[in-house]
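**Student:** If you scroll down you'll find the structure; I have some questions about it.
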Amino acid sequence: MSEATSRRVVLQPSTVEVIFAWFQRVISGYCLLFGILYWIRLIGFYPGSLWRFDLMPVHWQVAAVTLAVFFPFAAAGLWMLASWGPVIWFICAATETLMHVGFPELFGHRPLIVASHAAVALLYIVFRVVIWVQKRRSRQ
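Here is the structure:
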């Protein structure tokens, strides 16, 4: 074995980084599910009062179309662990939070959706801080 190959450092992800990657992929699955549910609402398989796109009020049309497009993109970005995946997810989460907290008379009051987005955002921040601290310690 040569001296150059014996000094080669093998970079392995930490346990937290592996868990974070799986966390992003689980959230990706939920984003895909939410995107499909918005598409179901748009094409008319939804059994509620807003069961078809042309019968929806304009505010629901705008929100449903936006989220039906953005959620699958967020799912793809999160699954690929791309840097833009969490950004698109944040846009979706902020949109739904604004819908259900800012305009409950138009979109309904859905505290479970808001709480789930807040929990995911908090977990994401915790993961990023822990990974940052680990990398900082390893550099010292």
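Counting in the working numbering, the sequence shown runs from 1411 upward without gaps. We treat Cβ as the ideally placed atom computed from N, Cα and C, and that holds for glycine. Values in this document were obtained by computation on a predicted structure and should not be read as measured data.
By how many angstroms is the C-alpha of W1432 removed from the C-alpha of A1478?
**Tutor:** If you number the sequence shown from 1, residue 1478 lands on position 68. If you number the sequence shown from 1, residue 1432 lands on position 22. For A1478 and W1432, the distance between alpha carbons rounds to 24 Å.
**Student:** How many angstroms separate the CA atom of Q1544 from the CA atom of A1485?
**Tutor:** Here residue 1544 refers to the residue found at position 134 when the sequence shown is read from its first residue. Here residue 1485 refers to the residue found at position 75 when the sequence shown is read from its first residue. Roughly 27 Å separates the two Cα atoms.
**Student:** Output the distance between the C-alpha atoms of S1493 and G1518, rounded to the nearest integer angstrom.
**Tutor:** If you number the sequence shown from 1, residue 1493 lands on position 83. If you number the sequence shown from 1, residue 1518 lands on position 108. Their backbone Cα atoms lie some 32 Å apart in a straight line.
**Student:** With a threshold of 8 Å, establish whether the CB of Y1448 neighbours any heavy atom of the ligand FMN.
**Tutor:** For the structure depicted, the ligand FMN is absent and the ligand set is empty, with no information on it obtainable.
**Student:** What residues in its chain sit with their C-beta under 7 Å from that of I1501, if we drop five residues either side in the sequence?
**Tutor:** As a first step, residue 1501 is located in the sequence shown; it is residue number 91 there, counting from the start. Result list for I1501: F1480, in chain order.
**Student:** Buried or exposed: where does R1451 fall if 16 or more other Cβ atoms within 10 Å of its Cβ makes it buried?
**Tutor:** Walking along the sequence shown from the start, residue 1451 turns up at place 41. Looking at its Cβ environment, which holds 16 or more other Cβ atoms inside 10 Å, R1451 is buried.
**Student:** Run through DSSP, which three-state label would R1418 get?
**Tutor:** Counting from 1 along the sequence shown, the entry for residue 1418 is found at position 8. R1418: coil per DSSP, three-state reduction.
**Student:** What span of residues does the alpha helix (DSSP H) with F1481 cover, start to end?
**Tutor:** Taking the sequence shown and counting its residues from 1, one reaches residue 1481 at position 71. Unbroken alpha helix (DSSP H) run through F1481: 1468-1489.
**Student:** Does the stretch 1461-1480 come into contact with the stretch 1526-1533, if we say contact requires no fewer than three beta-carbon pairs (one atom in each stretch) closer than 8 Å?
**Tutor:** no
**Student:** With DSSP run on the structure shown, which of helix, strand or coil describes A1492?
**Tutor:** Indexing the sequence shown from 1 puts residue 1492 at position 82. Coil at A1492, not helix or strand.
**Student:** Can you give me the Cβ contacts of F1444 inside the same chain, cut-off strictly under 8 Å, excluding the 5 residues immediately before and after it?
**Tutor:** Within the sequence shown, numbered from 1, the residue matching residue 1444 stands at position 34. Spatial neighbours of F1444 in its own chain (CB-CB distance under 8 Å, excluding positions within 5 residues in sequence) are listed in chain order as L1477, F1481, C1502.
**Student:** Can you give me the Cβ contacts of V1524 inside the same chain, cut-off strictly under 7 Å, excluding the 5 residues immediately before and after it?
**Tutor:** Residue 1524 sits at position 114 when you count from the first residue of the sequence shown. Close CB contacts of V1524 within its chain, under the 7 Å cut and outside five residues either way in sequence, are with T1507, H1510, V1511 (chain order).
**Student:** Helix, strand or coil: which one does DSSP assign to S1548?
**Tutor:** Stepping through the sequence shown from its first residue, residue 1548 is reached at position 138. S1548 falls in the helix class under three-state DSSP.
**Student:** Within the continuous alpha helix (DSSP H) that includes P1514, where are the two ends?
**Tutor:** Translated into positions along the sequence shown, residue 1514 becomes position 104. That run of the alpha helix (DSSP H) goes 1514-1517.
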